[in-house]
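Down below is the structure, laid out as structure tokens.
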Amino acid sequence: MACLDTSALLDLLDRGGRGRRDRARELLRRLQAAGETFATTRFTIAELWVGIERAREPAREQARVESVLDDLQLLEFDEVGARIFGKIPAFLQKRGISAGDMDVLIASVSLAHGHSLVTRDMKHFSRIPGLAIEGY
27 MACLDTSALL DLLDRGGRGR RDRARELLRR LQAAGETFAT TRFTIAELWV GIERAREPAR
87 EQARVESVLD DLQLLEFDEV GARIFGKIPA FLQKRGISAG DMDVLIASVS LAHGHSLVTR
147 DMKHFSRIPG LAIEGY
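Following our numbering, the numbering of the sequence shown begins with 27 at its first residue and continues without gaps.
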């Protein structure tokens, strides 16, 4: 299973331009052909809700987002994820690297469930030890 982060879902929703959308779709096609299924996290959904609330037509945007989310499994944040979350900022801070809490939460869920993370934001996630990334 592969966990889609916020950038991947925004690109699938065509929020990053046609080129990004096409690259995201191509990667998902390749992963699906290899037998992968897809999921996301509640933290990603929370970030998508920010976009819904900022949209000119929130109801329309909500319907678009929900149509994409309907096809995904939901990975929950549990005790294992919480412990992983605690380790990542400590590891990064010792090396003088900062990371956004939402990115670390999303990565923690993906790691806790043993899934790779599909993202366009390679720079943000490549610093997190042990995280398998499917980037585009």
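No residue lacks a Cβ here, since even glycine has one placed at the ideal position from N, Cα and C.
Kindly list the residues whose CB is nearer than 7 Å to the CB of Leu157, restricted to its own chain and excluding five residues on each side of it in sequence; keep chain order.
Residue mapping note: residue 157 aligns to position 131 of the sequence shown, counting from 1. Same-chain partners within the cutoff: Ala133, Ser136, Leu137, Leu143 and Phe151.
Run the CB neighbour count on Glu87, radius 10 Å, all protein chains shown included, and call it buried at 16 or more, exposed below.
Here residue 87 refers to the residue found at position 61 when the sequence shown is read from its first residue. By the neighbour-count rule (16 or more Cβ atoms within 10 Å), Glu87 is buried.
Find the nearest neighbour of Lys167 within the set Arg109, Gly140, Gly126 and Cys29, judged by alpha-carbon distance.
Here the chain has residues from 27 to 162 only, and residue 167 is not among them.
Near Tyr162, which residues of its chain fall below 7 Å by C-beta distance, leaving aside the five closest residues on each side in sequence?
Start at 1 with the first residue of the sequence shown, and residue 162 comes out as number 136. Around Tyr162: Arg49, Ala50, Leu53 and Arg146.
To the nearest angstrom, report how far apart Ser93 and Leu36 are at their CA atoms.
Position 67 of the sequence shown holds residue 93. Position 10 of the sequence shown holds residue 36. Straight-line Cα distance between these residues: approximately 13 Å.
Who are the near neighbours of Ser33 in its chain, counting only those whose CB is closer than 8 Å to its CB and skipping five residues on each side?
As a first step, residue 33 must be located in the sequence shown, where it is residue number 7. Once the five neighbours on either side are set aside, the close Cβ partners of Ser33 are Gly42, Thr145, Arg146 and Asp147.
On the CB-based measure, 16 or more other CB atoms within 10 Å of its CB, does Ala72 come out buried or exposed?
Sequence index remark: in the sequence shown, residue 72 carries index 46 (1-based). Answer is exposed; the Cβ neighbour count stays below 16.
Look up Thr32 in the DSSP assignment and say whether it is helix, strand or coil.
Looking up residue 32 in the sequence shown gives position 6. DSSP places Thr32 in helix when its eight states are reduced to three.
Please work out which residues of its chain come closer than 6 Å, Cβ to Cβ, to Ala65, disregarding the five sequence neighbours upstream and downstream, and give them in chain order.
As a first step, residue 65 is located in the sequence shown; it is residue number 39 there, counting from the start. Cβ neighbours of Ala65 beyond the five flanking positions: Met27, Cys29, Leu98, Gln99 and Leu101.
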